[in-house]
């Protein structure tokens, strides 16, 4: 690659949608030939991971890539770090935003794709039965249990008390 750069040949970055298991010669937008990095250049990538990435191409977004290619957490973070997921992210997202999103995404278990496509599971915390109210630490959630939210059940809302202050605030709008 150093010699290609020295000769003035453009080097294209690694991309999970465009890269394969070998180096490619591609035409850029301005018609110049360039070399695309291969997936084998990613540190620690296994052959099964490469095969899953290649069979799933093209990907729509990072969540789609995570669901279908099922990369390990380390590989997902490495791909985000080298910029291989940049084309899957929103154009306003910087590399640090992508890495933060990937870390958050890979720290959760995968949702069932057939039931709810492209959605992460939602959990609520409930305090243990028999414990007095307020014993759940709101920051760490210790003392409570994690329960999946029933998507079909609506959340009951409390009525706000009718106070003069609220009445004034709502009458202006």
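Residue numbers (the numbering used here): 1 to 173. From the three backbone atoms N, C-alpha and C, an ideal C-beta is built for every residue, glycine too.
Identified DSSP bridge partners for residue 33: To locate residue 33, count along the chain shown from 1; it is residue 33. The bridge partners DSSP lists for residue 33 are 27.
Proximity to residue 59 [Cα-Cα], best of 69, 51, 50: By 1-based counting over the chain shown, the position of residue 59 is 59. The candidate whose alpha carbon is nearest that of residue 59 is 69.
In terms of DSSP beta bridges, what is residue 11 paired with? As a first step, residue 11 must be located in the chain shown, where it is residue number 11. BP columns for residue 11 point to 35.
Mind checking whether residue 16 and residue 63 have CB atoms under 9 angstroms apart? Within the chain shown, numbered from 1, the residue matching residue 16 stands at position 16. Within the chain shown, numbered from 1, the residue matching residue 63 stands at position 63. No. Outside cutoff.
Do the CB positions of residue 35 and residue 12 come within less than 9 angstroms of each other? One-based indexing of the chain shown puts residue 35 at position 35. One-based indexing of the chain shown puts residue 12 at position 12. Closer than 9 angstroms, so yes.
Flag this pair as touching only if the stretch 67-82 and the stretch 92-111 have three or more C-beta atom pairs under 8 angstroms; answer yes or no. yes
In the structure shown, what three-state DSSP assignment does residue 135 receive? Stepping through the chain shown from its first residue, residue 135 is reached at position 135. The pLDDT assigned to residue 135 is 49, lower than 50, so where the model puts this residue is not dependable, and the model offers no usable value.
Helix, strand or coil: which one does DSSP assign to residue 56? Your numbering for residue 56 matches position 56 in the chain shown. If DSSP states are grouped into helix, strand and coil, residue 56 belongs with the helices.
If you draw a straight line from the C-alpha of residue 45 to the C-alpha of residue 30, how long is it? Taking the chain shown and counting its residues from 1, one reaches residue 45 at position 45. Taking the chain shown and counting its residues from 1, one reaches residue 30 at position 30. About 32 angstroms.
Residue span of the alpha helix (DSSP H) that contains residue 77, given as start and end: Here residue 77 corresponds to residue number 77 of the chain shown, with the count starting at 1. Residue 77: member of the alpha helix (DSSP H) spanning 73-82, first to last residue.
Excluding the 5 residues preceding and the 5 following residue 82 in the sequence, name in chain order all residues of the same chain whose CB lies nearer than 6 angstroms to its CB. On the chain shown, position 82 is the one that residue 82 refers to. If we look at residue 82 and ignore the five residues flanking it on each side, its Cβ neighbours are 14.
Can you look up residue 107 in the DSSP assignment and give me helix, strand or coil? Counting from 1 along the chain shown, the entry for residue 107 is found at position 107. Residue state, collapsed to three classes: coil.
Suppose you measure from the CA of residue 187 to the CA of residue 50; what does that come to, to the nearest Å? One cannot answer for residue 187 here, as it falls past the ends of the chain, which runs 1 to 173.
Look at the alpha carbon of residue 6 and the alpha carbon of residue 24, and state the distance between them as a whole number of angstroms. The residue given as residue 6 occupies position 6 in the chain shown. The residue given as residue 24 occupies position 24 in the chain shown. If I take the Cα positions, the gap works out to 18 angstroms.
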